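A.B. asks: My questions all concern the structure below.
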Amino acid sequence: MSNSPSFSSSFGAGNSGNHLSTGMVNKIKKPLERLSGVEWASLRAVNERSTQRVFRDENLETHSMGESAGVMAEVLVRGQIGYAATTDLSEAGLENLLKLAKARAEEVASRGVFRFDSQVRPKSVGKYSSSVEKSFSDISTSELSDLMIKITREIRQVSPKIIRAMSIAVTTDTDHTYVSTNGSQTEQSVRLVASDFSAIAQEGSVIQKRTSSGMMANSFQGGYERFVTADFWDRVRLVGENAVELLSAEDCPTGVMDLVLSPDQMMLQIHESIGHPLELDRILGDERNYAGSSFVKLHDFGTLQYGSEVMNVSFDPTVAGELASYAFDDCGNPAKKEMLIEKGKLLRGLGGLESQLRSKVAGVANQRACLWNRPPIDRMANLNLEPGTSSYSDIISSVENGVMMSSNRSWSIDDYRNKFQFGCEYAKKIENGKITKTLRNPNYRGITVPFWTGLKKVGDRSTFKVYGTPFCGKGEPNQMIAVGHASPLCLFSNIEVFGGVS
Amino acid sequence: MKSEYFESLCQDLFKQLNGDEAATVSLTAEDSEFVRLNHAKVRQTGLVQDAKFAVKYYNRQNSNSSGHTRELECAFSLTGNREVDGEGLKNRLAFCRKEIQGLPVQPFSQWPVASVGAATASSRSVTEKKGQLLPRGKVVETLIKTDKDLTGIYQAGQQVRAAASSAGLYHFFSNENYNFDFSLIHPNERAVKCEVAGTAFDVSAYEKELERAEKQLELLAKPGKKLAKGDYRVFMAPSAVAELVHMFSWGAVSEAAMRQGECALRKLKEGTESFSPKFSLIEDFRQVEVPRFNSQGELAPESLPLILEGKLQNLWRSARTAKEYGVVANGAVDGEGLRAPVVGAGSLSIDDAYRDLGTGVYLSNLHYLNWSDQVAARVTGLTRYACLWVENGVPVCPIETMRWDDTLFRLLGSELLDFTKEQSMNPTSQSYEFRAVGGLKAPGALIRSMHFTL
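So the sequence lines, in the order shown, correspond to chains F and R. Here the numbering used here is used: the first residue of the first sequence is 1, the next is one more, and so on. Here the numbering used here is used: the first residue of the second sequence is 503, the next is one more, and so on.
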């Protein structure tokens, strides 16, 4: 058998077609077939090819491409799973890898947190591919470079007060192949595109930055069509116009008032104050030395009133184009939509099969690894606030005194996910049901459950937008993973808002 | 991964280049053991062998002028099989040559040259150190030595950082080390943060750290004090100072950030804000073991003062930044963040921390820091772990978690009373993509007033 990394053949412009091949399945199947003395074992091969293009002020800053290819073995012995991962894809390398993983499991012996069996790695067979209308590989490098330069030019042309314009495009093509001793065979081909453009404007000592919906918030599954959208050039110009507008805007007032959050800030609000606290591994204590724990306890599922009655939150890995859609998690668990919170009541946790067994709480298919070199843990995938019934004008007209904030720029929350403080790039004052003026340096703070209890109105589907972030970090060893969030416009009552110093 | 292997791949690449081409190469590799614990039991354990070979390819076709340079970065995983990796490298070079045709000229590209960075720097260094790590298979029984709830991560093994250029720079750094970053957690959920790290696992030092933590845990058994929001006198332990100073990596000590508007030290440079003369921040590669070379093989000076007695001395400048703004490069890494940071010592004694604090809050650790107004250097974050309420020099009880929001110019400026004369090394335990190297050396700090907001 050849020692060559058979799946690293095509290394192109990114966002290319399906790289999965039966070659990889057969390659990793063989060493598994020869393995003995284990309760269960798997090999998970991942090939990730990424491109990053960064342009600033009409010049190319960096153009980088990367390919990471490797395999993780998981072996179950006497109720413990050991793992081992390598870039050595030779037959001998894979056989050795399984031996190493087996030895890891044996070392744990009776010292594991739980005695697992193969039900935490069910048999799964199937395929998944992101839907791509137009691949980035169909666009020439020079065409794409010209486009990226044009973005920065358009932003700079808005005003001489703009001192920096940037455009960033990132593609990530990942092919997962998973085979196990109990007959699993899944192949998933995921295509991500993330983009960002930004303007920094300056007048005297005042400096303001504006992006399109927050740093890398335009992150989706798909192809070029998710990058250059119908409203693309409007968004580019708006970034420049808003940055300049903020220079002469008033600072956000300080006080307790109504707060309207745009979907591009709701994304962060959902992520930090619903997603992380509902992760079952946090509640079970795995993360207490790093990311933290949760104010949510296991007995809260089915009883805790998390927020107001208009709050409905889903785990939905089936939304086309949303960043973390997939058919199976990295333990072979088939993914489907589940409601986590209904009418404000907490029903279900963000925990995969291992956490479900440990906690006896209902969970979802979310045990995921960021790459071949990290073990799967409980992650968010697509975590969405379901649309409500209020129109945009219903929401604005119901506010007597408040602020509407958009696009996250600052985020911080405590290790139990209670006390948060978030800042946004851009805000509007709302007075007597009407939007009146632009505000800069908007911030707000609160405590999770009282905050969600103050959720007064949830926008309808016309206000619903999908975003995502490639930067969700947790785990020991650390893992950065992509998650999607979608939300309508929302109104919260009695929130502490404040401004900046600059 | 050994130096010979890396060097032979580099030579393989460099000899394929023609006169209009150049390349710099970097290697990040590790052979790591991870043991994750929860409740003093094993949650997950595994081994990871990974190697990333990154080529920066330069081409100045059609001209001999470096003003017409194009560049492109291309990284891939090394398998450890020389034939496969050599072939992979050849394919990537072919790809780079094709891809670069579609890229615009980069006016600020710095063509690799033989001597870049510190004037006294050598163009070649090879450091390959062996450690005395716990044998694989013995880790779990060695670590689990307490009936307390111990939760955390043990990571150990070889770490490699290397860089070379077609102009002749070659640097290779390999070390075997371990880091055990853990919390000892009371049944009431309060916790003490601990860390032991180094190149030789010292069982008695570990047991001493456990003992210290178990003792501290006793104080955390008391009910927590709920503080009202407002201003408090605080003592920050070295680990809390380290958390605060890490913020300087996020667009504060970067020349590019300063030029492009986002720099948190802008007001310091303009003279409208100031730090205390007691605050110094120096990059010191003699005190923090981390490679001095960057991914292009350029060397930083052994010591680079960033802030000296409150005054801005230097910012990190990459070769690209230097070329764009007409300044001199100092061997910065991409992103121009902190490398080997050391916060200068003061005159207080860490043993007198409670006494010097008098009545106020002892901050053992801070959590989840972020700019709340970057241009104003305003930072928000939380208290975490063994933060205590102290009255008349006596620790009374733990505090409930508090949010704070304050500027660096107050905390390290107008409100800074003094630092301790003792400095502690805070080794990094981060492992996004690869295990990180280095750490931050900091003293404790006595601060007159800090804004607690929630």
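Ideal Cβ placement from N, Cα and C applies to all residues, glycine included. Treat the numbers as computed from the prediction; the structure is a model and nothing was measured.
#1: Which of the three DSSP states is assigned to Ser189(F) in this structure?
#2: Cβ closer than 8 Å: which chain R residues qualify as neighbours of Ser412(F)?
#3: Please classify His299(F) as buried or exposed, where buried requires at least 16 neighbouring CB atoms within 10 angstroms.
#4: Could you name the residues that DSSP lists as bridge partners for Ser528(R)?
#5: Which of helix, strand or coil does DSSP assign to Phe471(F)?
#6: Say yes only if the C-beta of Phe703(R) is nearer than 7 Å to one or more non-hydrogen atoms of the ligand MN, and no if none qualify.
#7: Just checking: is the beta-carbon of Val483(F) within a distance shorter than 8 Å of some beta-carbon in chain R?
#8: Name, going along the chain, the residues of the segment 56 to 70 of chain F whose beta-carbon falls closer than 7 Å to a beta-carbon of chain R.
#9: Against chain R, which members of the segment 87 to 99 of chain F pass a CB distance test of less than 9 Å?
#10: Taking Cβ-Cβ distances below 7 Å as the criterion, which residues of the segment 158 to 183 of chain F are in contact with chain R?
#11: Under 9 Å, CB to CB, which of the residues in the segment 129 to 142 of chain F have a partner in chain R?
#12: Just how far apart, CA to CA, sit Ala621(R) and Arg819(R)?
#13: Given that Ile207(F) touches chain R, what residues does it touch there, using C-beta distances under 8 Å?
#14: Excluding the 5 residues preceding and the 5 following Tyr708(R) in the sequence, name in chain order all residues of the same chain whose CB lies nearer than 6 Å to its CB.
#15: Can you find at least 3 beta carbon pairs, one from the segment 913 to 922 of chain R and one from the segment 838 to 856 of chain R, that sit closer than 8 Å?
#16: Quick check on Leu817(R) - is its C-beta less than 8 Å from some C-beta in chain F?
#17: Mapping DSSP to helix, strand and coil, what is Asn96(F)?
#18: Using the rule of at least 16 other Cβ atoms within 10 Å of the residue's Cβ for burial, across every protein chain shown, is Gln513(R) buried or exposed?
#19: Which ranges does the alpha helix (DSSP H) cover as unbroken runs of at least 4 residues, wholly within the segment 626 to 663 of chain R, from first to last along the chain?
#20: Could you tell me which residues DSSP pairs with Asn47(F) in its beta bridges?
#21: What in chain R is Cβ-close to Tyr444(F), meaning under 9 Å?
#22: Could you round the C-beta distance between Glu74(F) and Ala101(F) to whole angstroms and report it? I think they count as a contact, below 8 Å.
#23: Please confirm whether Ala888(R) and Val743(R) have their CB atoms less than 8 Å apart.
#24: Step through the CB atoms of chain R and report whether any lies within less than 8 Å of the CB of Pro31(F).
#25: Can you tell me whether His688(R) is helix, strand or coil according to DSSP?
#26: Consult DSSP for Thr547(R) and reduce its assignment to one of helix, strand or coil.
#27: Once you ignore the five residues that flank Thr446(R) on each side, which residues in its own chain have a CB closer than 6 Å to its CB?
#28: Helix or strand or just coil, what does DSSP make of Gln265(F)?
#29: Give the single residue among Ala553(R), Glu573(R), Tyr559(R), Val607(R) whose Cα lies nearest to the Cα of Asn972(R).
#30: Of all Cβ atoms in chain R, is any one closer than 8 Å to the Cβ of Ile495(F)?
#31: Kindly list the residues whose CB is nearer than 8 Å to the CB of Met480(F), restricted to its own chain and excluding five residues on each side of it in sequence; keep chain order.
#32: Any beta carbon from chain F within less than 8 Å of Pro740(R)'s own beta carbon?
#33: Using DSSP bridges, identify the partner residues of Gln221(F).
#34: Which residue marks the beginning of the beta strand (DSSP E) containing Thr389(F), and which one marks its end?
#35: Would you say Pro606(R) and Ile168(F) are within 8 Å of each other, going by their C-beta atoms?
#36: Are the CB atoms of Gln661(R) and Glu532(R) nearer to each other than 8 Å?
C.D. replies: Taking the coordinates as given:
#1: strand
#2: Tyr870, Leu871, Asn872, Ser874, Thr882, Gly883, Leu884, Arg905
#3: exposed
#4: Ala556(R), Ala665(R)
#5: strand
#6: In terms of ligand content, the structure shown is empty, and the ligand MN therefore cannot be addressed.
#7: no
#8: Asn59, Leu60, Thr62, His63, Ser64, Met65, Gly66, Glu67, Ser68, Ala69, Gly70
#9: Thr87, Asp88, Leu89, Ser90, Gly93, Leu97
#10: Ile163, Arg164
#11: Ser140, Thr141, Ser142
#12: For Ala621(R), the predicted model reports a pLDDT of 49, less than 50, meaning its position is unreliable; a value from the coordinates is still stated below. The alpha-carbon atoms of Ala621(R) and Arg819(R) are separated by roughly 15 Å.
#13: Gly763, Glu764, Arg768, Val877
#14: Val698
#15: yes
#16: no
#17: helix
#18: exposed
#19: 641 to 645
#20: Ala69(F), Asp175(F)
#21: Residues of chain R passing the Cβ test: none, with the nearest at roughly 11 Å.
#22: 6 Å
#23: no
#24: no
#25: coil
#26: strand
#27: Here chain R covers residues 503 to 956 and nothing more, so residue 446(R) does not appear.
#28: helix
#29: Summary: the structure shown does not reach residue 972(R), with chain R confined to residues 503 through 956, and so no result is reported for it.
#30: no
#31: Cys370, Pro470, Phe471, Cys472, Gly473
#32: no
#33: Leu192(F)
#34: First-last for Thr389(F): undefined, no H or E at that position.
#35: no
#36: yes
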